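J.:
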Amino acid sequence: MNIQQIEEALSISDTALRCQRVLDEVQPVLRQLMDDFKNKHEAEVPKLLDYSVNTYEVTLRTTMHDARNPNYAEQKRNSDIGKKAWIELADKSYSFQTEFWVLNLGFYGPERKCKIVLPTNFYPLWEAIRTKGNEKEFAKVIESLPEEIEIQTSDKDIFLNKDELIPFLQKCVSEKKKPWFYFGTFIDFDNLVSSEQILDLMWTTWNRMKPIKDYLEQETSRHALSLRMLHALHEHQDPVSLKLYGRTYEIKFEEVFKNKSYQRRQNFGIYDKGQLVTDGALAGYRREPNEAVGIFVNGAGFIFSNLRNLHGDGCVKWKITKSFRHHKKESEDVNKATQQRAMEALEVHGFNLEGNTFTVGTWDNVNLQFVEPSGEIKRRFIAAAVLFAESTGMINLPKDAQISESNVMITDETEAELEGELFEHDFDLSSIISNIQGSGLTYSQAIIRDFHLNLVCLEDKHFVILNGISGTGKTKLCLLYANAVYGKPLDAVNPYLKVIPVRPDWTDSTSLFGYYSALEKRYVRTPFLNAVLQAIQEGKPMFIVLDEMNLARVEYYLSDYLSAIESRQSVRLHTEDHITDVPKELHIPNNLYVIGTINVDETTHSISDKVLDRAFVMTLSDVDLDQFWELVGTKYRTVLQSEWVLMKQLHEKLSHFDLHFGYRTMNEIIRKLYANFQLPEEIRLNKAEAVDRVIAEKVLPKIRGDERVEPLLEQLVEWTNSSFGDHSVSLAHLKRMKGELDRYGATQFWR
Numbered sequence: 020m021n022i023q024q025i026e027e028a029l030s031i032s033d034t035a036l037r038c039q040r041v042l043d044e045v046q047p048v049l050r051q052l053m054d055d056f057k058n059k060h061e062a063e064v065p066k067l068l069d070y071s072v073n074t075y076e077v078t079l080r081t082t083m084h085d086a087r088n089p090n091y092a093e094q095k096r097n098s099d100i101g102k103k104a105w106i107e108l109a110d111k112s113y114s115f116q117t118e119f120w121v122l123n124l125g126f127y128g129p130e131r132k133c134k135i136v137l138p139t140n141f142y143p144l145w146e147a148i149r150t151k152g153n154e155k156e157f158a159k160v161i162e163s164l165p166e167e168i169e170i171q172t173s174d175k176d177i178f179l180n181k182d183e184l185i186p187f188l189q190k191c192v193s194e195k196k197k198p199w200f201y202f203g204t205f206i207d208f209d210n211l212v213s214s215e216q217i218l219d220l221m222w223t224t225w226n227r228m229k230p231i232k233d234y235l236e237q238e239t240s241r242h243a244l245s246l247r248m249l250h251a252l253h254e255h256q257d258p259v260s261l262k263l264y265g266r267t268y269e270i271k272f273e274e275v276f277k278n279k280s281y282q283r284r285q286n287f288g289i290y291d292k293g294q295l296v297t298d299g300a301l302a303g304y305r306r307e308p309n310e311a312v313g314i315f316v317n318g319a320g321f322i323f324s325n326l327r328n329l330h331g332d333g334c335v336k337w338k339i340t341k342s343f344r345h346h347k348k349e350s351e352d353v354n355k356a357t358q359q360r361a362m363e364a365l366e367v368h369g370f371n372l373e374g375n376t377f378t379v380g381t382w383d384n385v386n387l388q389f390v391e392p393s394g395e396i397k398r399r400f401i402a403a404a405v406l407f408a409e410s411t412g413m414i415n416l417p418k419d420a421q422i423s424e425s426n427v428m429i430t431d432e433t434e435a436e437l438e439g440e441l442f443e444h445d446f447d448l449s450s451i452i453s454n455i456q457g458s459g460l461t462y463s464q465a466i467i468r469d470f471h472l473n474l475v476c477l478e479d480k481h482f483v484i485l486n487g488i489s490g491t492g493k494t495k496l497c498l499l500y501a502n503a504v505y506g507k508p509l510d511a512v513n514p515y516l517k518v519i520p521v522r523p524d525w526t527d528s529t530s531l532f533g534y535y536s537a538l539e540k541r542y543v544r545t546p547f548l549n550a551v552l553q554a555i556q557e558g559k560p561m562f563i564v565l566d567e568m569n570l571a572r573v574e575y576y577l578s579d580y581l582s583a584i585e586s587r588q589s590v591r592l593h594t595e596d597h598i599t600d601v602p603k604e605l606h607i608p609n610n611l612y613v614i615g616t617i618n619v620d621e622t623t624h625s626i627s628d629k630v631l632d633r634a635f636v637m638t639l640s641d642v643d644l645d646q647f648w649e650l651v652g653t654k655y656r657t658v659l660q661s662e663w664v665l666m667k668q669l670h671e672k673l674s675h676f677d678l679h680f681g682y683r684t685m686n687e688i689i690r691k692l693y694a695n696f697q698l699p700e701e702i703r704l705n706k707a708e709a710v711d712r713v714i715a716e717k718v719l720p721k722i723r724g725d726e727r728v729e730p731l732l733e734q735l736v737e738w739t740n741s742s743f744g745d746h747s748v749s750l751a752h753l754k755r756m757k758g759e760l761d762r763y764g765a766t767q768f769w770r
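Under the numbering used here, the first residue of the sequence shown carries the number 20, and numbering increases by one thereafter.
Right, dumping it as structure tokens:
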């Protein structure tokens with residue numbers, strides 16, 4: 020081994036040449052060292068020969084080819100790839116893609132060090148400090164490490180003393196950082212003499228790392244066991260019957276999808292003879308930091324359970340402990356009343372209660388499976404969650420529901436670490452993009468990034484207007500973004516998000532800020548004012564969406580708000596001393612985010628320059644149908660392929676005239692076509708007839724104009740005739756519209 024030659028290869032400035040030299044000269048040395056290590060010590064550690072070998076070679080080879088490709092050469096010019104080389108042993112014997120990195124050997128050029136380390140990501144160490152008990156046991160592990168074992172973190176590549184590790188981990192949790200950690204030996208290049216020296220150091224380090232290696236190996240085993248439980252739950256997708264208060268419902272499950280890197284989500288709907296009663300989701304948390312299950316109903320989380328509570332010997336009952344929290348003054352009384360209602364509801368529905376706990380199933384740690392069918396466990400989970408939602412007043416079975424956003428049930432020690440009532444905001448764009456793109460809706464990273472920058476670039480003013488054709492997801496983007504800031508899925512109930520539909524009769528600022536009623540001797544509050552007061556009181560980001568804001572003249576009803584954010588002066592509300600729940604003057608807080616959505620048609624007003632000067636205006640009119648089609652459910656793509664081709668052809672023709680439709684329209688069209696497919700064959704419309712009718716019902720009513728739409732009508736007449744035949748419903752409408760255009764110079768769908 021020639022360390023000078025290795026360092027020279029790692030230091031080459033040209034990226035392509037550096038990667039080539041490292042592949043040819045450095046990686047073979049590492050491979051030989053690892054092979055020699057395994058062969059030398061297989062007698063002491065037989066598992067060495069069973070471990071898989073991971074290397075840096077694929078990345079090196081890809082970067083080398085990209086650096087030589089004119090299309091990518093410039094962006095690879097200053098790459099750091101190839102300035103290090105490594106090889107590692109990994110134990111891949113665990114189930115469900117769980118991997119334990121046993122030993123990593125590498126040469127690191129910028130640091131001029133050879134590293135013999137055991138690497139780990141943040142999550143096993145986060146679990147190590149999750150509870151006081153865990154932290155106490157982990158402290159013993161760290162204390163038992165020899166002084167020769169060094170600890171490095173990828174956060175600025177700093178080294179930590181043993182007594183600094185746990186405080187540093189706690190700081191990472193607080194700051195929402197998740198760095199990697201490396202335990203082992205770090206040798207300067209100047210101190211490297213021979214291959215034999217490295218082999219001896221590898222063996223010495225291997226033995227010295229035993230305490231942390233044993234802990235991480237055990238943690239990997241626990242993680243894999245919990246993932247087996249999650250898989251057993253998510254694997255079941257068949258409908259389940261649910262009986263509540265004497266009425267039988269059906270629970271229908273959708274496909275499991277990846278919500279975030281470490282989260283899987285399975286949405287479900289509860290139906291009463293085909294009518295959706297409420298919806299929800301079974302969320303599987305693979306690392307939060309431990310593995311857990313969460314049950315959501317109507318957007319709110321009602322059950323959270325740590326799967327590690329099922330670990331143990333033999334059969335372990337899955338017990339859920341529940342409690343309620345309410346954040347108003349009368350919280351104690353409300354908690355007691357809600358708790359009593361929930362307990363009574365569980366007992367009436369056959370749950371076995373032990374104090375404040377109930378049982379949903381049993382895990383067999385010997386046979387590694389649930390004793391009960393997975394569908395039965397999910398039924399019990401969902402039944403309990405629905406009963407809790409009913410107890411809080413969020414839903415009512417079968418009575419009218421009265422939604423209460425302030426009651427949320429908390430069940431288990433993991434709630435505080437998961438969702439529950441904790442709403443912590445984070446404007447990290449990477450996290451927001453990940454959350455939004457995991458929603459299954461069609462938004463490009465560029466749109467999300469631009470929307471984010473428009474909202475946050477000014478510290479004291481957050482005002483964005485979203486323009487575009489109907490159905491392109493303007494309002495949905497607002498909902499997604501607000502929930503992503505709080506780390507919530509699209510359908511979560513977010514008390515810091517208010518969608519306020521604008522009415523055509525809004526003519527002054529009282530529509531937003533309310534007014535003092537001299538007749539009633541009280542201040543009449545509005546949803547907008549309530550949201551502003553909540554933002555002031557709680558200090559958290561509050562998102563207000565003024566939906567279809569140009570149905571009224573924006574400069575009329577928004578004038579006080581625009582003046583206040585520009586001048587930083589207060590808005591005068593009233594002068595009455597006896598009014599105590601509303602201040603006399605209102606200062607617009609910096610944590611208020613106002614977003615308006617607008618459609619431009621004959622029913623709306625234009626936006627004045629006064630408003631435009633104070634807002635960022637984004638246009639969402641591009642519709643990416645290919646991406647939309649990829650994101651729809653497999654069940655639709657499987658049976659509606661020919662219908663999809665026709666709708667895409669129509670969309671392309673309309674888009675040339677800026678008369679194309681948006682995602683909402685396409686989604687509703689697909690759902691109707693699929694509903695037709697599910698009908699018995701003897702009464703079902705054939706595919707072409709179904710598409711023809713849905714075009715006449717959802718697309719043609721929006722087509723209107725003067726002689727400029729004549730080429731479009733001619734194209735559509737020809738296309739519908741060839742696609743659907745002479746008896747086409749759409750063709751008849753189009754011929755009539757073409758005739759009206761020829762006679763009157765203008766046309767519309769409506770007669």
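Ideal placement from N, C-alpha and C gives every residue a C-beta, glycine not left out. Note that the structure is predicted; figures quoted are calculated from it, not measured.
Tell me whether the region 700-716 and the region 505-523 touch, counting them as touching only if at least three CB pairs, one residue from each stretch, are closer than 8 Å.
T.: Segments in contact, no.
J.: Let's test the definition: count the other Cβ atoms within 10 Å of the Cβ of HIS746 and tell me whether it reaches 16, buried, or not, exposed.
T.: It is exposed - the Cβ of HIS746 has fewer than 16 other Cβ atoms within 10 Å.
J.: Quick one: Cα of ASP99 to Cα of GLY313, how far?
T.: Taking the straight line from one Cα to the other gives about 41 Å.
J.: What did DSSP end up calling ALA420 once you bin it into helix, strand or coil?
T.: Only weak support exists for where ALA420 lies, its pLDDT of 34 falling under 50; the value from the coordinates is given anyway. ALA420 falls in the coil class under three-state DSSP.
J.: By a C-beta neighbour count over all protein chains shown, 10 Å radius and 16 as the cutoff for buried, is LYS348 buried or exposed?
T.: Residue confidence for LYS348 is low, a pLDDT of 46 falling below 50, so the modelled location carries little weight; the figure read from the coordinates is stated next. With fewer than 16 other Cβ atoms within 10 Å, it is exposed.
J.: Would you call the region 20-39 and the region 54-62 in contact, with 3 or more CB pairs under 8 Å?
T.: No, because fewer than three Cβ pairs between the region 20-39 and the region 54-62 fall closer than 8 Å, the two stretches do not touch.
J.: Nearest to LEU144 by alpha carbon, out of TRP337, GLU409, VAL192?
T.: Of the candidates TRP337, GLU409, VAL192, the one whose C-alpha sits nearest the C-alpha of LEU144 is VAL192.
J.: Who pairs with ALA269 in a beta bridge, going by DSSP?
T.: The question names Ala, yet the displayed sequence has Glu at residue 269. Answer is SER260, TYR290, bridged to GLU269.
J.: Buried or exposed: which applies to LYS195, given that a residue is buried once 16 or more other Cβ atoms fall within 10 Å of its Cβ?
T.: Answer is exposed; the Cβ neighbour count stays below 16.
J.: So, for THR224: in the same chain, excluding its five sequence neighbours on each side, which residues have a beta-carbon less than 7 Å away from its beta-carbon?
T.: For THR224, where only same-chain residues beyond five positions count, the Cβ hits under 7 Å are ILE135, GLY203, THR204.
J.: Hey, GLU567 and PRO520: beta-carbon distance below 8 Å or not?
T.: Contact flag set, yes.
J.: Beta carbon of TYR655, beta carbon of ILE598: below 8 Å?
T.: No, these two residues do not count as a Cβ contact at 8 Å.
J.: Please report the straight-line C-alpha distance between ASP176 and PHE200, rounded to a whole angstrom.
T.: Roughly 9 Å between the two C-alpha positions.
J.: Is it buried or exposed, GLU443, if we count other Cβ atoms within 10 angstroms and call 16 or more buried?
T.: Exposed, because fewer than 16 other Cβ atoms sit within 10 Å of the Cβ of GLU443.
J.: Can you give me the Cβ contacts of GLY288 inside the same chain, cut-off strictly under 6 Å, excluding the 5 residues immediately before and after it?
T.: LYS271, LEU295, ASP298.
J.: Closest to THR491 by CA distance: which of TYR612, GLU366, ASN618, GLU604 is it?
T.: Comparing Cα-Cα distances from THR491 to each of TYR612, GLU366, ASN618, GLU604, the minimum goes to ASN618.
J.: In the DSSP assignment, what are the bridge partners of GLN285?
T.: Paired residues: LEU301.
J.: Can you list, in chain order, the residues of its chain whose CB lies under 7 Å from that of GLU574, leaving out five sequence neighbours each side?
T.: Closer than 7 Å at the Cβ level, and outside the excluded window around GLU574, lie SER627, LYS629, VAL630.
J.: Nearest by alpha-carbon distance to LEU326: which of VAL504, THR545, THR381 is it?
T.: Checked all of VAL504, THR545, THR381; the closest Cα to LEU326 is THR381.
J.: Enumerate in chain order the residues of its own chain whose CB-to-CB distance from ALA765 is below 6 Å, with the five nearest sequence positions on each side excluded.
T.: ASP725, listed in sequence order.
J.: I believe ASN486 touches PHE635 by the beta-carbon criterion, under 8 Å. Please report the beta-carbon distance rounded to the nearest angstrom.
T.: The pair is not a contact, with the Cβ atoms about 11 Å apart (cut-off 8 Å).
J.: Going along the chain, which residues of its own chain have a beta-carbon closer than 7 Å to the beta-carbon of LYS480, five neighbours each way excluded?
T.: Contacts found: ILE584.
J.: Do the region 262-270 and the region 240-251 touch if we need at least three Cβ pairs shorter than 8 Å?
T.: They do not touch, by the three-pair rule.
J.: Would you give the residue range spanned by the beta strand (DSSP E) that GLU44 belongs to?
T.: Taken as a continuous stretch (DSSP letters only), GLU44 belongs to no beta strand (DSSP E), as it is neither H nor E.
J.: Please classify ASP69: does DSSP put it in a helix, a strand, or coil?
T.: In this structure, ASP69 counts as helix in the three-state DSSP scheme.
J.: Quick one: residues in its chain with C-beta nearer than 8 Å to the C-beta of HIS471, no 5 flanking neighbours on either side, listed in chain order?
T.: PHE446, LEU448, ILE451, TYR500.
J.: What does the alpha-carbon distance come out to for the pair VAL385 and VAL335?
T.: Rounded to the nearest angstrom, the two C-alpha atoms are 10 Å apart.
J.: If you follow the beta strand (DSSP E) that GLN9 is part of, which residue opens it and which one closes it?
T.: Residue 9 falls outside the range modelled here, since the chain spans only 20 to 770, and no answer is possible.
J.: So for LYS757, helix, strand or coil by DSSP?
T.: It is helical.
J.: Following the continuous alpha helix (DSSP H) through GLU166, name the residue where it begins and the one where it ends.
T.: Segment: none, GLU166 is in no alpha helix (DSSP H) and carries neither H nor E.
J.: Can you check the region 326-383 for any alpha helix (DSSP H) of at least 4 residues that lies completely inside it and give the ranges in chain order?
T.: Listed in chain order, they are 350-367.
J.: How long is the line joining the alpha carbons of ASP643 and GLU671, rounded to whole angstroms?
T.: Near 11 Å, if we compare the C-alpha coordinates of GLU671 and ASP643.
J.: Quick test of your reading: SER742 and LEU659, contact by CB under 8 Å. State the CB separation rounded to the nearest angstrom.
T.: No, SER742 and LEU659 are not in contact; Cβ-Cβ is about 15 Å, not under 8 Å.
J.: What is the rounded straight-line gap between the Cα of PRO65 and the Cα of GLN23?
T.: In a straight line, the C-alpha of PRO65 is about 34 Å away from that of GLN23.
J.: Only counting the same chain, and skipping five residues up and downstream in sequence, which positions put a Cβ closer than 6 Å to that of ARG360?
T.: Closer than 6 Å at the Cβ level, and outside the excluded window around ARG360, lie SER410.
J.: For the beta strand (DSSP E) containing GLU107, list its first residue and its last residue.
T.: Per DSSP, GLU107 belongs to the beta strand (DSSP E) from 103-110.
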